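Q:
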C-alpha cells in the first residue's frame, strides 16, 4: 500500500511539473506572439520551443535538433531554387538577340567597304599614271628621235598675256615645266617657289638660263587673267599657260600627267594631279623629271648635271 501511495505521489509531482513547464514555456507569451498575417512556416517555429527535458523523452536530442535541421534544409532548398531562377533568368537574357541602333552592322560595313573602295580606286588610278610616267621615262622611241623618252609632244595653248603658244616657241631654250592649278591651296605654291628658287640658283652658280613654265590643269577656272595674276607672284620669268579643256587634256596626256577633279562641299573643288617638274632640252625633248622629294639644292644640282652631260654629248 505504501508503495502504491508513493507512486501516486510521484505521478502527481510529475503532472504538476509538466503543467508548470507547459504554461511557462510551451505556450507563447503575449508580448512575443507568432505572426498570423501569413501562413506559418517551420522556420517561424525555430527557436520558439526550447529543448525538452531529457527525462520526458528517450530521444530528446534527436527531436530537439530536427526542427533546426529541417529549417536549415528548407532554407538551403529555397536558396537553391532562387539561384536556379536567377541563372535561368540570366541565361534567357543572354540568349536574346542584341538589337542594333538606327544603323545596322550590315549597313555600317557596307558604308565602310564603299568608302574604302572609292579611296582604293583613286589611289590605284594615281599610281597607274605615275607608273606610266616612270615607264615612259625609261622607254625609248623608235625612228628619228631614237634614244629619247616617250614624254612630251605638241600642244596649242594660250599664255598669260593672251597669245597662242605651241611647243615650238620654247625650242632653243632649256625649259622646266610644271602642271598645276591656281586654286591649289599649298602644294602648287610650294613647288613653284621651289622652281623659282632653283632657276635663280642655277643662273647664279652655272650661268644657265632656264625658262619656267606653268600649265594649268583647271581650265574651267584658270582664265588668262587668273593665270596672269597667279604666275607673277612667283617669278617674273614664269610663263603661265591655259586653254581649251581638250587642249589641256592633250598636253597632259603627252607629258603623262595625271589629274582628276575632286568634288568638295558646295560649288568649290580641288584637282588632284601629278607633282612633277619636267626638264626639256632645247629641242623640247624630254631629259628628266623631278618629283616633290627634291628640294631646291637637289633640283638645281640635278638640272646643272643634266645640262653639262648634254653639252658633253653634243661637243
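In our numbering, the protein residues as written are 1 to 315. The beta carbon of each residue, even a glycine, is placed where N, CA and C say it ideally should be. Owing to the predicted nature of the structure, the values given are computational and were not obtained by experimental measurement.
Between 195, 166, 218 and 296, which lies nearest to residue 234 when the distance is taken from Cα to Cα?
A: Mapped onto the chain shown, residue 234 falls at position 234. Selected option, being the one with the closest Cα: 195.
Q: Taking the alpha-carbon of residue 278 as reference, which of 213, 206, 272 and 155 has the nearest alpha-carbon?
A: By 1-based counting over the chain shown, the position of residue 278 is 278. Comparing Cα positions, the closest option is 213.
Q: Just reading off the beta strand (DSSP E) that residue 276 is part of, what are its end residues?
A: The residue given as residue 276 occupies position 276 in the chain shown. It spans 276 to 280 - the beta strand (DSSP E) in which residue 276 sits, taken as one unbroken run.
Q: Tell me, please, which residues DSSP counts as bridged to residue 273.
A: Position 273 of the chain shown holds residue 273. According to DSSP, residue 273 bridges with 259.
Q: What does DSSP give as the partner residues of residue 215 in its beta bridges?
A: Walking along the chain shown from the start, residue 215 turns up at place 215. Answer by DSSP bridge pairing, in chain order: 179 and 241.
Q: Which of the three DSSP states, helix, strand or coil, is assigned to residue 159?
A: If you number the chain shown from 1, residue 159 lands on position 159. Here residue 159 sits in strand by DSSP.
Q: Going straight from the alpha carbon of residue 271 to that of residue 315, what length do you get?
A: Residue 271 sits at position 271 when you count from the first residue of the chain shown. Residue 315 sits at position 315 when you count from the first residue of the chain shown. Using only the alpha carbons, I get a separation of about 43 Å.
Q: Mind reading off the beta-carbon distance from residue 170 to residue 217? Whole number of angstroms is fine, and I expect it under 8 Å.
A: Here residue 170 refers to the residue found at position 170 when the chain shown is read from its first residue. Here residue 217 refers to the residue found at position 217 when the chain shown is read from its first residue. With a Cβ gap of about 19 Å, residue 170 and residue 217 do not count as contacting.
Q: Given residue 304, which residues of its chain have a CB within under 8 Å of its CB, disregarding the five upstream and five downstream residues?
A: For the purposes of this step, residue 304 is taken as residue 304 along the chain shown, with counting starting at 1. Excluding residues within five positions, the ones whose Cβ falls inside 8 Å are 202, 205, 206 and 208.
Q: Check for me: the beta strand (DSSP E) holding residue 288 runs from which residue to which?
A: Reading the chain shown from its first residue, position 288 is the one you call residue 288. First-last of the beta strand (DSSP E) with residue 288: 286 to 291.
Q: Pick from 165, 111 and 191: whose alpha carbon is nearest that of residue 294?
A: Start at 1 with the first residue of the chain shown, and residue 294 comes out as number 294. That would be 191, whose Cα lies nearest to the Cα of residue 294.
Q: Per DSSP, residue 307 is paired with what?
A: The sequence position of residue 307 within the chain shown is 307, counting from 1. Residue 307 pairs with nothing; no bridge assigned.
Q: For a quick check, are the C-beta atoms of residue 242 and residue 222 less than 9 Å apart?
A: Along the chain shown, one-based indexing puts residue 242 at 242. Along the chain shown, one-based indexing puts residue 222 at 222. Yes, the Cβ-Cβ distance between residue 242 and residue 222 is below 9 Å.
Q: Tell me which same chain residues have a C-beta within less than 8 Å of the C-beta of residue 158, skipping the five on either side of it?
A: Residue numbering aside, residue 158 sits at position 158 when the chain shown is read from its first letter. Closer than 8 Å at Cβ, skipping near neighbours: 164, 165, 224, 241, 242 and 243.
Q: Mapping the DSSP letters down to three states, classify residue 151 as helix, strand or coil.
A: Taking the first residue of the chain shown as position 1, residue 151 is located at position 151. DSSP places residue 151 in coil when its eight states are reduced to three.
Q: Assign residue 105 to one of two classes, buried (16 or more other C-beta atoms within 10 Å of its C-beta) or exposed (fewer than that).
A: Taking the chain shown and counting its residues from 1, one reaches residue 105 at position 105. Residue 105 comes out exposed.
Q: Grab the span of the beta strand (DSSP E) containing residue 166 for me, first residue to last.
A: Working through the chain shown from its first residue, we reach residue 166 at position 166. Start and end: 164 to 166.
Q: Can you have a look at residue 152 and say buried or exposed, based on whether 16 or more other CB atoms are within 10 angstroms of its CB?
A: The residue you call residue 152 lines up with position 152 of the chain shown. The residue is buried, with at least 16 neighbouring Cβ atoms inside 10 Å.
Q: Counting only the same chain and skipping the five closest in sequence on each side, list residues whose C-beta sits under 7 Å from that of residue 306.
A: Here the question's residue 306 lines up with position 306 in the chain shown. Here the set comprises 279, 287 and 288.
Q: Would you mind working out which of 210, 174 and 273 sits nearest residue 184, comparing C-alpha positions?
A: If you number the chain shown from 1, residue 184 lands on position 184. Minimum Cα distance to residue 184 is reached at 273.
Q: Thinking C-alpha only, which one of 162, 258, 210 and 188 is nearest residue 236?
A: Taking the chain shown and counting its residues from 1, the one referred to as residue 236 is at position 236. When only C-alpha atoms are compared, the closest one is 210.
Q: Are the CB atoms of residue 199 and residue 248 nearer to each other than 9 Å?
A: On the chain shown, position 199 is the one that residue 199 refers to. On the chain shown, position 248 is the one that residue 248 refers to. Not in contact: residue 199 and residue 248 (Cβ atoms no closer than 9 Å).
Q: Would you list the residues sitting across from residue 210 in a DSSP beta bridge?
A: For the purposes of this step, residue 210 is taken as the residue at position 210 of the chain shown. Its beta-bridge partners are 174.
Q: Do you know whose CA, among 219, 162 and 282, lies nearest residue 260's CA?
A: To locate residue 260, count along the chain shown from 1; it is residue 260. Residue 219 is the option with its Cα nearest to residue 260.
Q: Taking the alpha-carbon of residue 310 as reference, which of 282, 108, 168 and 150 has the nearest alpha-carbon?
A: Here residue 310 is taken as the residue at index 310 of the chain shown, counted from 1. Taking only the C-alpha atoms, the option nearest residue 310 is 282.
Q: Out of 263, 186, 113 and 250, state which residue places its alpha-carbon closest to the alpha-carbon of residue 275.
A: The sequence position of residue 275 within the chain shown is 275, counting from 1. Nearest C-alpha to residue 275: 186.
Q: What three-state label does DSSP hand residue 268 in the structure shown?
A: Indexing the chain shown from 1 puts residue 268 at position 268. Reduced to three states, the DSSP call for residue 268 is coil.
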